[in-house]
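Residues in the sequence shown are numbered consecutively from 104, following the working numbering. Idealized CB from N, CA, C, for every residue including glycine. Since the structure comes first, as structure tokens, the remarks are kept for the end.
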Amino acid sequence: MFLLTRPQLLAADDWLPIQDGFGREALKPFAEGLDPIVAALRKRHWLEVQVEARGGMENFSHVFVHDKQLYPQVEELAESQTRRWNGVSIYLSLLGPLAAIGYSSTYMTHFKHPEPGKAIGIGGAAYLSPKTTLDAPPPGDTVVEAAFNEVHRHGYHVLTQANLALPLPPDIEPYDPSGLASELTYFDLLFNSTD
């Protein structure tokens with residue numbers, strides 16, 4: 104079982120690094136984590152890779168990956184047409200080399216632009232929870248396997264559902280934008296958002 108020390112818990116609660124070289128202002132999480140992982144996944148030409156968050160209002164980066172062979176490119180979309188892609192989300196902590204990987208989806212709705220031939224797109228991605236994360240790639244799922252391989256190859260530890268669901272000590276209270284969490288967990292601490 105993966106456990107953080109008390110000083111690491113306190114640091115993570117303040118969005119401070121739990122390992123040297125990490126942190127929201129550090130280059131390492133991007134130069135040695137997010138950016139090379141994204142580049143390596145994009146070399147697999149059958150994958151579509153989107154960076155959904157780079158730690159702006161989060162203490163983690165979020166990458167969404169899907170098999171583009173399952174979702175052919177559409178040249179022209181009808182008014183208010185929504186497309187949904189099922190795939191895999193990768194969360195990379197900015198505080199230390201910790202990750203969560205799980206199934207999720209993203210969508211895009213297109214609206215006509217006042218100028219002819221243009222469109223406006225509004226979209227979003229589903230977020231992970233401890234229950235939607237994966238401990239290992241399921242047999243035959245090449246998208247999840249690619250995600251796990253690259254995250255491990257770049258020195259990140261993928262936390263299991265059991266690790267992510269561990270309750271926090273009562274005095275560690277990460278921000279909960281919904282205010283609805285009955286019990287805050289490692290997941291809430293390590294992959295926290297103010298949005």
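Taking a contact to require three or more Cβ pairs closer than 8 Å, the stretch 244-259 and the stretch 154-163 do not qualify as touching. Sequence-distant Cβ neighbours of valine 141 in its own chain, meaning closer than 8 Å and more than five residues away, are Val152, Val154, Val166.
In the three-state scheme derived from DSSP, where H, G and I count as helix and E and B as strand, tyrosine 289 is classed as helix.
Taking the CA atoms as reference points, tyrosine 206 sits about 20 Å from threonine 185. A direct Cα-Cα distance of roughly 13 Å separates arginine 109 from proline 270.
Per the C-alpha coordinates, the member of Leu287, Thr245, Pro273, Pro272 positioned closest to lysine 171 is Thr245.
Counting along the chain, no beta strand (DSSP E) covers phenylalanine 251; the unbroken alpha helix (DSSP H) around it starts and ends at 245-256. Residue pairing from DSSP places phenylalanine 167 in a beta bridge opposite Gln153, Ser192. The count of Cβ pairs closer than 8 Å, one atom from the stretch 230-239 and one from the stretch 111-124, stays below three, leaving the stretches out of contact. Isoleucine 140 carries a helical assignment under DSSP once its states are collapsed to helix, strand and coil. Under the DSSP definition of a beta bridge, leucine 201 partners with His260. DSSP, reduced to helix, strand and coil, places glutamate 276 outside both helices and strands of the structure shown, so it counts as coil.
Within the same chain, Ser207, Ser208 come within 6 Å of alanine 229 by CB-CB distance, once the 5 residues on both sides are set aside.
Counting along the chain, arginine 109 sits inside the alpha helix (DSSP H) bounded by residues 109-116. Using a Cβ distance threshold of 8 Å, leucine 262 and phenylalanine 105 count as a contacting pair.
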